[in-house]
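Let me begin by presenting the structure, written as structure tokens, before commenting on it.
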């Protein structure tokens, strides 16, 4: 029953898959490229959803739901959009036993269907800004898939907003980017770099794509969330106009933004260790597991009342479970919860009871301490806060230690091909240099910092002048 | 801007559509048969979801997520299942620009994909019972669609459980049926009839289908929720077995159950009036709207502080909003919230302020009362409870007044074709008699009561002996 998890050092990629499967986050499905999100993985998604949903609503957005099926012609209305998404489309050709007059694609993202509705709903400046969010499944035909990171179907949230001016749309896109940064850092305990994407990396149909990027333990980048300023591209494609205060008709300015179930993959790769998952307490479905320990009926009589007492002290404030399974050995129980990344374990055995104490064990650094019963609620709260902070600090250290400035392309290549990390280098801005880097090193331009110190320099590839440094890295 | 809503008496069907559109619950989409659920309609769905999700989790079920795309061959594995669903399937034939080797269908329900996973996860009796719930979108190709009631795509929850014995599965199916009854009655304020479906009406693949049926104001039945005892049908089709305590391998026994966004249609048709929607307070996204009234800056100076005070008194305990729009007339504002079915309106004008009071107005019976400010929180709580109860009582009265016992088929036909309602009549149990009724009257067999008084009688159609009465009605 117990399968081993590969060591990160030996086989990072197998380690990742082992952890996802062993912690029962997800499973392969019989459908190529599609996964099943198992209850424990889905509980993490519910924690992410619950938090982000509150944050999104606080920006003034309202949830709604738009059709999964989109007429193929809609996808074609925005030139860049169709170019970007055409290769990834799944197409419904038959419905109710008949060939459809027009094929329908499964939404690879919902701009097109949403803008066709915005055209109907937006009349005047009084209808603006309009902020809509949708929690939905998305289909993108992927050739090489990996659980959570790249699957044909995934779950996400997609925000879509329409504004009267370019400035407002820009402000919205940046505000949301900041919301994602807050979520990544304060909830996921993953420090991120905020920045703009290059032309090559931006969303198909956007004027500007912003993103937050985190560093995984293998020093590769993972895009945690993205926020697009769409300009008037979709407004023009779907003729979404509004009447200004002065009575003119103008196209709206819009944004879209999203995060997906790949965040669960990010949590695994940012914090996990060779035993398995380590979850930040603020997103852990189970924050505390209580394991009562007894060998005899006499012990049980002592241990059980204390277990109930501790459960009672904690259950209002923390998400907790009591492991009463009698089919598993103690060691197996401990391992089960460690593998699942539960931040704190409380052991209660006859000796603990005789001391009126319980043993608290941290998942992240393995620290243990016998804590008097009356201090448990306070200590649990403090320890969970401390775990949240120290996971962030550990990630922050990783990011700092593996972000390098270099001005030499040979050094750049050496770093990327060797230890990996974020390379903070001068780039002239030309797509040709960007492509060359990608072809030669597999590193992509991850982020053009939002407020970088202006620093004159020379492009690491071609030597032409560059006004600022940008981040390159290999990425998921 | 203000469109009229048809009167229920004049054109029930147009009234329904008008209310759905005017209350901004949903809108037509450019995709045939698919609707857009607008923010206000989605907020009702969120209220339904939030409540049911807690109830479902309390039964021991955990949420998970399974693929939308199902291999066509899977649907064919259970004979009755494919027969039932084949005519409604949407089929993906192309992905990533290529013809697929095997077509994929969009889930019309998830038994097949879920049982293929259960086969992998269930090993022994220790893994049972297994209770899984999924919130998801569903696609069934429908020819004649109506907003919320019958759409090609809809949202639902589907529970799937596996058990060691037939008895346990039966108990589960009944427990869930009871959960749906509680939800319908206590939350939706819709009294329901609990019963079993006939062979003709049961779920394709079930041994027994149970359902709760409510009566709409046009005296037609609407199935609010259904719960199926699937026996070992899917377990055998997907070879889902477990090892018993004694070491034998046996197929599991299973159930599935669900409710969908059609519940929103039920709320409209059970409670609405000629002005628009009337929402039961426990599911209303906005329970209280405060409308401050002022004609001058001086008035505003008096009214606004009191509005803020009342908001402060209520905001912790109730879902409320303050209507500060200055682009609408007062009458238009009132109508807007009435149309949307907000249970309580609080008007605060200069005269109210001078009396240190506010005017409370009920949506359901139009009652108004000037209430001293200090009494507002208590009164609002009492009135909301009262509205919830009186909506239920009104529905209960409708159900009782339009449920008829008759022993004559000519009277049966007259009732069904005339006023409508639930006809509680003797039926011999033969599909032929059931079909005859349906063909001649369009009424279907809605419910075979769970614990009916045994009453010897004669089938209303053929005159053969019948041991009990069953419910026939026209239905959505």
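Chains as they are written, first to last, in my numbering: chain D, 1 to 476; chain S, 1001 to 1476.
Cβ atoms here follow ideal geometry from the backbone N, Cα and C, with glycine treated the same way.
Here the structure is a predicted model, which is why all the values come from computation and not from measurement.
Proximity test, Cβ basis, 9 Å: residue i and chain S
| i | result |
| --- | --- |
| residue 392(D) | no |
| residue 346(D) | no |
| residue 108(D) | no |
| residue 23(D) | no |
| residue 5(D) | no |
| residue 18(D) | no |
| residue 48(D) | no |
| residue 36(D) | yes |
| residue 31(D) | yes |
Nearest-angstrom Cα separation, counted from residue j out to residue i
| i | j | result |
| --- | --- | --- |
| residue 1318(S) | residue 1381(S) | 8 Å |
| residue 1043(S) | residue 1264(S) | 10 Å |
| residue 457(D) | residue 102(D) | 53 Å |
| residue 1078(S) | residue 172(D) | 51 Å |
| residue 440(D) | residue 425(D) | 16 Å |
| residue 1130(S) | residue 1236(S) | 17 Å |
| residue 250(D) | residue 209(D) | 23 Å |
| residue 1070(S) | residue 1238(S) | 14 Å |
| residue 460(D) | residue 164(D) | 41 Å |
| residue 1149(S) | residue 1221(S) | 12 Å |
| residue 9(D) | residue 311(D) | 38 Å |
Beta-carbon proximity check, residue i vs residue j, cutoff 9 Å
| i | j | result |
| --- | --- | --- |
| residue 41(D) | residue 26(D) | yes |
| residue 90(D) | residue 15(D) | no |
| residue 1053(S) | residue 1121(S) | no |
| residue 285(D) | residue 307(D) | no |
| residue 1248(S) | residue 1476(S) | no |
| residue 1023(S) | residue 1277(S) | yes |
| residue 169(D) | residue 255(D) | yes |
| residue 1226(S) | residue 1180(S) | yes |
| residue 138(D) | residue 114(D) | no |
| residue 1110(S) | residue 1445(S) | no |
| residue 290(D) | residue 345(D) | yes |
| residue 1037(S) | residue 1339(S) | no |
| residue 1191(S) | residue 1395(S) | yes |
| residue 1450(S) | residue 1194(S) | yes |
| residue 29(D) | residue 1066(S) | yes |
Below-9 Å beta-carbon distance, residue i vs any chain D residue
| i | result |
| --- | --- |
| residue 1129(S) | no |
| residue 1256(S) | no |
| residue 1316(S) | no |
| residue 1382(S) | no |
| residue 1043(S) | yes |
| residue 1279(S) | no |
| residue 1341(S) | no |
| residue 1027(S) | yes |
| residue 1159(S) | no |
| residue 1464(S) | no |
Residue environment, residue i, which counts as buried when at least 16 other CB atoms sit within 10 Å
| i | result |
| --- | --- |
| residue 1039(S) | buried |
| residue 1001(S) | Low confidence applies to residue 1001(S): its pLDDT is 47, below 50, so where it sits in the model is not reliable enough to give any reading. |
| residue 1407(S) | exposed |
| residue 116(D) | buried |
| residue 81(D) | buried |
| residue 271(D) | buried |
| residue 1166(S) | exposed |
| residue 1153(S) | buried |
| residue 1087(S) | exposed |
| residue 1013(S) | exposed |
| residue 467(D) | exposed |
CB contact check: residue i to chain C, cutoff 9 Å
| i | result |
| --- | --- |
| residue 1132(S) | In summary, chain C is missing from the structure at hand, where the protein chains are D and S. |
- Residues, ordered as in the chain, of the stretch 52-67 of chain D that lie near chain S by beta-carbon distance below 7 Å: 62, 63, 64, 65, 66 and 67
- Task: Could you run through the stretch 66-81 of chain D and flag, in chain order, every residue whose CB is less than 9 Å away from some CB of chain S?
- Result: 66, 67, 68, 69, 70, 71 and 74
- Contacting positions in the stretch 1179-1213 of chain S - beta carbon closer than 7 Å to chain D: none
- Give, in chain order, every residue of the stretch 1082-1095 of chain S whose Cβ lies closer than 8 Å to some Cβ of chain D. 1086, 1087, 1088, 1089, 1090, 1091, 1092, 1093, 1094 and 1095
- Could you name the residues of the stretch 1318-1332 of chain S whose beta carbon sits closer than 7 Å to any beta carbon of chain D, in the order they occur along the chain? 1327
- Near-chain D residues of the stretch 1259-1270 of chain S (beta-carbon distance less than 9 Å), N- to C-terminal order: 1261
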